Amino acid sequence: MSWTLSKNRLSILMSMALILAFAGCSTAVTRMDAGEVKDLSGAWNDTDSQLVSEEMIKDVLSRPWFGEFTRTQKRPPAVIVGEVTNLSHEHINVNTFVADMERALINSDKVQFVASSTERQEIRGERKDQDLNASEATRKPMGQEKGADFMLKGTINTIIDASGKTQLRFYQVDMTLISLADNRKVWVGQKKIKKLVERSNLRF
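Under the numbering used here, the letters of the sequence shown match residues 31 to 234, in that order.
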């Protein structure tokens, strides 16, 4: 009798343990507005990417090179975003940052934006296919591409200063606008972000 009670009690305890284990593994999801600022780890995030790209583009288009070009060429400059290199200690989705830069440039309505080298290769393949298969009235001829006047390149760097449970994260983004005609650097921009991260279980 006592053995039966013990088995029942053990079975109940095991069932309760399983229930608690599953409860501890549950996931809660809360939908947020895409524009809402939310820092969880203190690392580079979507807010940093948007903030830096918008401020950089606003600065580059307010400098003397822009007025000089539009005055002499009588047209908006054609710009392409080149390589942005991540030199920081952490993984940063550079493609997202480049996309934010492109969006800010296009939405400024002050420059013509040229497709990237990867995009151009895909489009050239489509034009080649059209040359063989599309009708004369709808095919797009080769050799009519818009050449870029300037290339925007940059780097992302970080400095981490840590003491105990406190960490100071310093991000520095440097961007350069280069004339493709003569390799002149017509603009150099810099944006800095500093974050103080304090956590009881912070690990480095």
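The C-beta atom is built at its ideal place from N, Cα and C for all residues, glycine as well. In this text the structure is predicted, and so the values were computed from the model without any measurement.
Of the listed residues the options, nearest to residue i (C-alpha basis)
i: K176; options: K183, A145, E152 and S193; result: A145
i: K221; options: M44, K88 and S41; result: K88
i: T173; options: A129, E228 and R150; result: It should be pointed out that residue 173 corresponds to Gly in this sequence rather than to Thr. Comparing Cα positions, the closest option is R150.
i: W217; options: M44, N75, V114 and L91; result: L91
i: K215; options: D76, N75, D130 and R93; result: R93
i: S147; options: N75, S41, M44 and M181; result: M181
i: R229; options: K195, D204, M205 and T206; result: K195
Euclidean distance between Cα positions of residue i and residue j
i: R169; j: K224; result: 52 Å
i: I110; j: T102; result: 20 Å
i: L232; j: L210; result: Below a pLDDT of 50, predicted positions are generally treated as unreliable, and L232, at 45, falls in that range; the measurement from the model is reported next regardless. Roughly 46 Å between the two C-alpha positions.
i: G112; j: I208; result: 10 Å
i: F234; j: Q80; result: Unreliable positioning characterises F234 in this predicted model, as indicated by a pLDDT of 47, which lies under 50. A coordinate reading is not provided.
i: Y201; j: E98; result: 32 Å
i: L198; j: L162; result: 59 Å
i: D130; j: N75; result: 12 Å
i: E152; j: A73; result: 34 Å
i: D212; j: V227; result: 44 Å
i: I122; j: A108; result: 27 Å
C-beta neighbour in chain C for residue i, strict 8 Å
i: I110; result: Judged by its chain identifiers, the structure shown contains no chain C, having just a single protein chain.
Every unbroken beta strand (DSSP E) inside the segment 93-153 [3 residues or more]: 108-116
Kindly confirm or deny that the segment 152-164 and the segment 180-195 touch, where touching means at least three C-beta pairs closer than 8 Å. no
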